Amino acid sequence: MNSILKKSLTAAAAFAIGFGGIAAAQTTLDDIVERGYIQIATANEVPYGFVNAAGEAEGIAPDVATAVLESLGVTDVQWVVTQFGSLIPGLMADRFDMVAAEQAILPDRCSQVLFSTPSSSYGEGMLVPAGNPMGITRYDDFVDNPELLMGIMSGADQLDFAQAYGIPENQLVMIATNTDALSAVEAGRVHAYAATGLTVANLAENSARVEAAEGFETPIIGDGPVRSWGGFTFKLENEELRDAFNEALVEFQQTDEYREILTGYGLSDVDVDEALAADTVALCEAVH
339 MNSILKKSLT AAAAFAIGFG GIAAAQTTLD DIVERGYIQI ATANEVPYGF
389 VNAAGEAEGI APDVATAVLE SLGVTDVQWV VTQFGSLIPG LMADRFDMVA
439 AEQAILPDRC SQVLFSTPSS SYGEGMLVPA GNPMGITRYD DFVDNPELLM
489 GIMSGADQLD FAQAYGIPEN QLVMIATNTD ALSAVEAGRV HAYAATGLTV
539 ANLAENSARV EAAEGFETPI IGDGPVRSWG GFTFKLENEE LRDAFNEALV
589 EFQQTDEYRE ILTGYGLSDV DVDEALAADT VALCEAVH
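The opening position of the sequence shown corresponds to residue 339 in our numbering, with each subsequent residue numbered one higher.
Right, here's the structure in full:
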């Protein structure tokens, strides 16, 4: 993490920004520089974006965002932690200036917010009880067995994958946070939790009662296996802010520091190369 930048969060600040923040209909980089700070939301999802025990924002998105913003002269970041499903609605409601949570760039989201150039890329996984008693290794298992329940984070694109496979709604359990997902799998409220491979691996490290499904088969949607490309999001009206951030982000992506941040949180060099090779416009227009 870039030690020059001070990244702090207090409960009072989170409440004030998350629920009472007021911003102009259009916010530019000049507005933020004049204001002296920027408000950024993340979803407390390790390793994409989270707040550590010391109250500091960490993760792939916060570390990249603060480095990029420093190059733009913005060194005061006020972090807001909210549920994943509230990130885009909160952004549209002007509760913060941008989102740093490595949200997957998807066509339906592109109609609601502006995405930066892709900043990360990642595959899928499945969290199951230790020993995987139901033998779950693929989405099709839920189609074959109507008794199985799949947990999915509210607002996450795994819901789209499940629907594409034809998994009935009564087998899908919406879960607010990863912490809730861990306890849901441990307690047997769901038979598995569908998430990105990195999320699953991090959750599995926190409990001996769960594990990442060994031999998990990457879901196939449309013409190929699912891979997600994450980016930073901005309000539709804030194109100038997005463009300014984008220009600096593309420059930062050519540095060793950028690659070190991503691989330091568990992404592979292949994941980084996939992110660098992707195009936001193409991802926003993709048809699955």
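Ideal Cβ placement from N, Cα and C applies to all residues, glycine included. What you are looking at is a predicted structure, and each value in this text was computed from that prediction instead of being measured.
Rank the options by C-alpha distance to the C-alpha of residue i and give the top, closest one.
i: Ile559; options: Asp478, Ser449, Tyr375, Ala530; result: Asp478
i: Asp495; options: Val384, Gln441, Ala542; result: Gln441
i: Thr420; options: Phe434, Ser409, Leu407; result: Phe434
i: Ser459; options: Val564, Glu585, Ala586, Gly423; result: Val564
i: Ala546; options: Ser492, Pro467, Asp561, Ser424; result: Pro467
i: Arg373; options: Ala381, Gly411, Met512, Met491; result: Gly411
i: Gln364; options: Ile376, Asp432, Asn382; result: Asp432
i: Tyr603; options: Leu486, Pro400, Gln591; result: Pro400
i: Met464; options: Val538, Ala500, Gln509; result: Val538
i: Glu555; options: Glu485, Ala533, Ala519; result: Ala533
i: Val487; options: Arg527, Phe499, Val548, Gly553; result: At residue 487 the sequence reads Leu, which differs from the Val that was named. The shortest C-alpha separation from Leu487 is found at Arg527.
Using only the alpha-carbon positions, how far apart do residue i and residue j sit?
i: Phe572; j: Pro471; result: 43 Å
i: Thr413; j: Ala391; result: 22 Å
i: Glu578; j: Ile370; result: 12 Å
i: Glu507; j: Pro456; result: 31 Å
i: Ile599; j: Gly397; result: 8 Å
i: Leu429; j: Arg447; result: 12 Å
i: Gly648; j: Ile426; result: Lying outside 339 to 626, the shown extent of the chain, residue 648 is not represented and no answer is given.
i: Leu444; j: Gln450; result: 10 Å
i: Asp482; j: Val523; result: 20 Å
i: Asp609; j: Ala615; result: 10 Å
i: Glu595; j: Ala438; result: 18 Å
i: Thr475; j: Phe422; result: 25 Å
i: Phe570; j: Ala542; result: 26 Å
i: Thr601; j: Asp607; result: 7 Å
i: Glu485; j: Ser424; result: 30 Å
i: Val548; j: Ala519; result: 11 Å
Classify residue i: buried if its beta carbon has 16 or more other beta carbons within 10 angstroms, exposed otherwise.
i: Ala362; result: Legend: pLDDT at Ala362 = 46, less than 50; position of this residue unreliable, value from coordinates given subsequently. By the 10 Å Cβ count, Ala362 comes out exposed.
i: Val619; result: exposed
i: Ser566; result: buried
i: Asn544; result: exposed
i: Pro557; result: buried
i: Tyr462; result: At residue 462 the sequence reads Glu, which differs from the Tyr that was named. Burial call: buried.
i: Glu383; result: buried
i: Ala525; result: exposed
i: Val389; result: buried
What do you reckon, are the CB atoms on residue i and residue j nearer than 8 Å?
i: Gly568; j: Tyr531; result: no
i: Val406; j: Ala586; result: yes
i: Pro385; j: Asn516; result: no
i: Phe590; j: Ser409; result: yes
i: Ile513; j: Met491; result: yes
i: Phe480; j: Gln509; result: yes
i: Ile378; j: Val402; result: no
Subject >> Ranges of the alpha helix (DSSP H) found wholly within the region 529-593, counting only runs of at least 4 >> reply: 535-542, 577-590
**OP:** Ignoring anything shorter than 4 residues or poking outside the region 487-533, list the alpha helix (DSSP H) runs there in chain order.
**Re:** 496-502, 516-525
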